[in-house]
Amino acid sequence: MRSIMSNDIKKSFFFRIPFWLILGLLPFFLFIPGIMAVQGSDLQSEKEKIKTFLKTLESRETGLYQSYTNTAHNIEDAHSSPIIFMPTVAGYLDDQAFTYDQALAILVLIHAGEYDKARYLLSVFTDNFMTEKNGHLGLLNSYTLSNFDYFIPTRSGKRRLLCMGIDGDRIHVGPNMWIGLGFLQYYAHTGSPEFLPCALEMFKWTRSLNHYEMPDGTPGGVSMGYGWGTQWNHVFSTENNISYYVFILNLIKIYEGSSRNIRDIYLSCGVDIQELRKEKKYIHNWLIHVGYNKRGTFNRGANLYDDPDTVEALDCTSWAIAAFGPKSLEKMGIDILKLIEKSEKKFLVSDTFNGKVFKGFDFTDQNGYIEKRQHGIIWFEGTGHMALAYRILSDYYAKKNEKELARAFDKKYRFFLNEMERFMSVAAADLYGLPCTSREVEQDKIAYSFSDWCPIVRTEKGKYSLSLSSTIWHYFAVTGFNPFDISMPAKEMDLVETSCEEEIPPFGKEILLDKDVQKKFQI
41 MRSIMSNDIK KSFFFRIPFW LILGLLPFFL FIPGIMAVQG SDLQSEKEKI
91 KTFLKTLESR ETGLYQSYTN TAHNIEDAHS SPIIFMPTVA GYLDDQAFTY
141 DQALAILVLI HAGEYDKARY LLSVFTDNFM TEKNGHLGLL NSYTLSNFDY
191 FIPTRSGKRR LLCMGIDGDR IHVGPNMWIG LGFLQYYAHT GSPEFLPCAL
241 EMFKWTRSLN HYEMPDGTPG GVSMGYGWGT QWNHVFSTEN NISYYVFILN
291 LIKIYEGSSR NIRDIYLSCG VDIQELRKEK KYIHNWLIHV GYNKRGTFNR
341 GANLYDDPDT VEALDCTSWA IAAFGPKSLE KMGIDILKLI EKSEKKFLVS
391 DTFNGKVFKG FDFTDQNGYI EKRQHGIIWF EGTGHMALAY RILSDYYAKK
441 NEKELARAFD KKYRFFLNEM ERFMSVAAAD LYGLPCTSRE VEQDKIAYSF
491 SDWCPIVRTE KGKYSLSLSS TIWHYFAVTG FNPFDISMPA KEMDLVETSC
541 EEEIPPFGKE ILLDKDVQKK FQI
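In this note's numbering, the protein residues as written are 41 to 563.
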């Protein structure tokens, strides 16, 4: 038997190939440029890790997830000067579930196939969105993790109403749109239209908010919402409008690609497809002419009394790439390579932790922090945003046969994925998860993500804090799952080998490694 098999093998095509040619081709098979897939079992392993992580943060009472762990045992009095810290029994954010974070967790559950759990959470948020608060619909920015406030009996059962969280009565567009994306991803993955009515009510609610007035008198971007603090109906956030724009875009996609039964749901909810298209046009126009700036990046937004808000924010760049896609950005007249170059120049930082240097992306640049800047803070959620954006760009240029650009962006993607995983292993070798930033803010100190608002999470002395959003964006990046995109339901992206022993890849203009490519793009 052995001799017969040997003769057959020798007659095969493979053994007719000259030995020298096999040796010459061997390096090609050992290293294939671009994204290199590994076995599907690794993807399943990543899903199991994130599900285990979520389980450790899950509330038995509400099913919500803890946004931060091991936070400081005191809370600042924002009205005192200098700031006074008041003691708390537990960590000041340990019992908080921010709505945006819950939306990210829902998207993970959908991607991981945990549809029952995702359905439960989406139904809870449906109950809370549809219940008026101070005369308004909408979801609060944050809720208390550990218990429900009360229940409202209905014919079909009861509405589960959550307790107001630390952010008070603020109802902002952004967190609502992310829960809305959960509604739409659930439909895309399961085919169940159960939450489409609430998604359509979200659209009607958002459209009813104050809109920016463009120079020609037409409506522009939508305001942030309402609640304590500033006059949010006079503030227009680029980040919020990106989320709203892609939410509208996906509602249109669903309508155009669905049967009459689904279209009838739109009709019964009082949403006309022409209204969706008109609103999309308004938001698109605002993002191009107000959100995007001549410097080649995005403004944080605009203010009715101080127009525009020229502070630049990292997530406006990274979300624009993931939400619109490179092809659409080019059609919008946005120079992608200039956008990346400027963003890297402004937001790329390094920081030292336990004697090791890490690189990643900050919330904003030197001007955004002004005098309160804590130099070199890596924002891990934002670094995850950028890692996913690099992967999207690598795929895009590979399909266009722009090989040098595809390799350059793939190299960046791998590098920052590796930096996040390296930090995870150095900071807490026995834990899976990332903190909010590379610098743990002490209990009695305040550090800001921007000069005028958003203090960074403070941690309990001697403890390592985990951030739900940072860890989930690492998951999105490593699996290649784009939460904005509902056109790829249940599609499994390949994982990649992320070990990276070489130095940091080139940035800015140097991403264009080939001189012919540089000439083409006039860099």
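Built from N, CA and C at the ideal position, the CB exists for glycine as well.
Keep in mind it's a predicted model, so treat the numbers as computed, not measured.
Best match in TYR504, GLU116 and ALA487 for proximity to PHE125 [C-alpha to C-alpha]: If we check each option's Cα against that of PHE125, GLU116 comes out closest.
Any contact between the segment 185-194 and the segment 208-228? By contact I mean 3 or more CB pairs, one from each, below 8 angstroms. Under the Cβ criterion (8 angstroms, minimum of three pairs), the segment 185-194 does not count as touching the segment 208-228.
Entirely enclosed alpha helix (DSSP H) segments - the segment 415-498, minimum 4 residues: Taking only runs of at least 4 residues, the alpha helix (DSSP H) segments lying wholly in the segment 415-498 are 420-439 and 443-467.
Residue nearest to ASN281 in terms of C-alpha spacing, selected from ILE292, ILE294 and GLY265: Cα-wise, what sits closest to ASN281 is GLY265.
Report the option in GLU444, ALA360 and THR258 whose CA atom is closest to the CA atom of LEU428. From the listed residues GLU444, ALA360 and THR258, the smallest Cα separation to LEU428 is found for ALA360.
By the three-class DSSP mapping on this structure, what secondary structure does TYR227 have? Residue state for TYR227 is assigned as helix, using DSSP reduced to three classes.
Quick check on this structure: which residue in SER368, ASP312 and THR404 has the alpha carbon closest to the alpha carbon of ALA353? For ALA353, the closest C-alpha among the options SER368, ASP312 and THR404 is that of THR404.
Segments assigned alpha helix (DSSP H), at least 4 residues, entirely inside the segment 113-195: Here the runs fully enclosed are 139-151 and 155-169.
At which residue ranges does the segment 220-285 contain complete beta strand (DSSP E) runs of 3 or more residues, listed in the order of the chain? You should have 251-253, 259-262 and 275-277.
Per-residue burial, GLN631 [other beta carbons within 10 Å of its own, 16 or more giving buried]: Outside the displayed span of the chain (41 to 563) sits residue 631, for which this structure offers no information.
Measuring only the C-alpha atoms, how far is GLU296 from LEU508? For GLU296 and LEU508, the distance between alpha carbons rounds to 35 angstroms.
Would you kindly work out how many angstroms separate the C-alpha atoms of ARG431 and GLU459, rounded to a whole number? Rounded to whole angstroms, ARG431 to GLU459 spans 15 angstroms at the Cα level.
Is ASP347 helix, strand or coil when you go by DSSP? ASP347 falls in the coil class under three-state DSSP.
Residue interval of the beta strand (DSSP E) (run including LYS396): For LYS396, the uninterrupted beta strand (DSSP E) run begins and ends at 396-401, by DSSP.
Here's the rule I'm using: 16 or more other beta-carbon atoms within 10 Å means buried, otherwise exposed. How should GLU253 be labelled? Its Cβ having fewer than 16 others within 10 Å, GLU253 is exposed.
Rounding to the nearest angstrom, what Cα-Cα distance links LEU327 and LYS334 in this structure? Near 13 angstroms, if we compare the C-alpha coordinates of LYS334 and LEU327.
Check whether the segment 99-116 and the segment 494-510 are in contact - that is, three or more C-beta pairs closer than 8 angstroms. Because the criterion of three Cβ pairs below 8 angstroms is met, the segment 99-116 and the segment 494-510 touch.
Stretch-stretch touch, CB-based, cutoff 8 angstroms, three pairs: the segment 91-106 with the segment 150-167: Three or more Cβ pairs closer than 8 angstroms define a contact, and the segment 91-106 meets that threshold against the segment 150-167.
Distance between THR337 and MET242 (C-alpha atoms, nearest Å): Taking the straight line from one Cα to the other gives about 29 angstroms.
Suppose contacts are defined by Cβ-Cβ distances below 8 angstroms. Is ARG340 in contact with THR246 by that definition? No.
Taking DSSP as the reference, what is the three-state secondary structure of LYS501? DSSP places LYS501 in coil when its eight states are reduced to three.
When the Cα atoms are used, what is the spatial distance from LEU249 to ARG454? Straight through space, the alpha carbons of ARG454 and LEU249 are spaced by roughly 41 angstroms.
Within the continuous alpha helix (DSSP H) that includes LYS198, where are the two ends? It is not in any alpha helix (DSSP H) - LYS198 instead sits in the beta strand (DSSP E) that spans 197-204.
Roughly how far, in whole angstroms, is the beta-carbon of LYS320 from the beta-carbon of ILE288, given that I think they are within contact range, below 8 angstroms? Yes, they are in contact, since the Cβ atoms of LYS320 and ILE288 sit about 5 angstroms apart, within 8 angstroms.
Within its chain, find whatever has a CB closer than 8 angstroms to the CB of GLN483; leave out the 5 residues flanking it on each side and keep chain order. Cβ-Cβ distances below 8 angstroms link GLN483 to ALA112, HIS113, ASN114, PHE125, ARG498, THR499, GLU500 and LYS501 in the same chain, with the five nearest sequence neighbours on each side left out; the list follows chain order.
Which residues in the same chain as LEU70 place their Cβ atom closer than 7 angstroms to its Cβ, once the five residues preceding and following it in sequence are excluded? Low per-residue confidence applies at LEU70: pLDDT is 37, beneath 50, and the placement is therefore not dependable, though the value from the model is reported in the following sentence. Around LEU70: no qualifying Cβ.
Might you give, ordered along the chain, the residues of its own chain that have their beta carbon closer than 8 angstroms to the beta carbon of LYS173, omitting 5 neighbours on each side? Closer than 8 angstroms at the Cβ level, and outside the excluded window around LYS173, lie LEU180, ASP209 and ILE211.
Backbone secondary structure at SER390 - three-state DSSP: In the structure shown, the three-state DSSP call for SER390 is strand.
Could you check whether ILE146 and GLY222 sit closer than 8 angstroms to each other, using their CB atoms as the reference points? The Cβ atoms of GLY222 and ILE146 sit closer than 8 angstroms to each other.
Just to confirm before moving on: does the CB-CB distance between ILE90 and ALA143 stay below 8 angstroms? It is not a contact, given that the beta carbons lie outside the stated cut-off.
According to DSSP, is SER527 helix, strand or coil? Per DSSP, reduced to three states, the secondary structure at SER527 is coil, with no helix or strand assignment.
Keeping to the same chain, check which residues put their C-beta closer than 6 angstroms to that of ASP167; ignore five residues upstream and five downstream. Contacts found: ARG199 and ARG200.
I think LEU457 touches ALA363, with their Cβ atoms under 8 angstroms apart; what is that distance to the nearest whole Å? About 20 angstroms; that fails the 8 angstroms criterion.
Among HIS176, TYR140 and PRO255, which one has its Cα closest to the Cα of GLY205? Among HIS176, TYR140 and PRO255, the Cα nearest to that of GLY205 belongs to TYR140.
Segments of 4+ residues assigned as alpha helix (DSSP H) that fall wholly inside the segment 289-359: Within the segment 289-359, the complete alpha helix (DSSP H) runs of at least 4 residues are 300-308 and 313-326.
So what's GLU101 in DSSP terms, helix, strand or just coil? Three-state DSSP puts GLU101 in coil, outside helix and strand.
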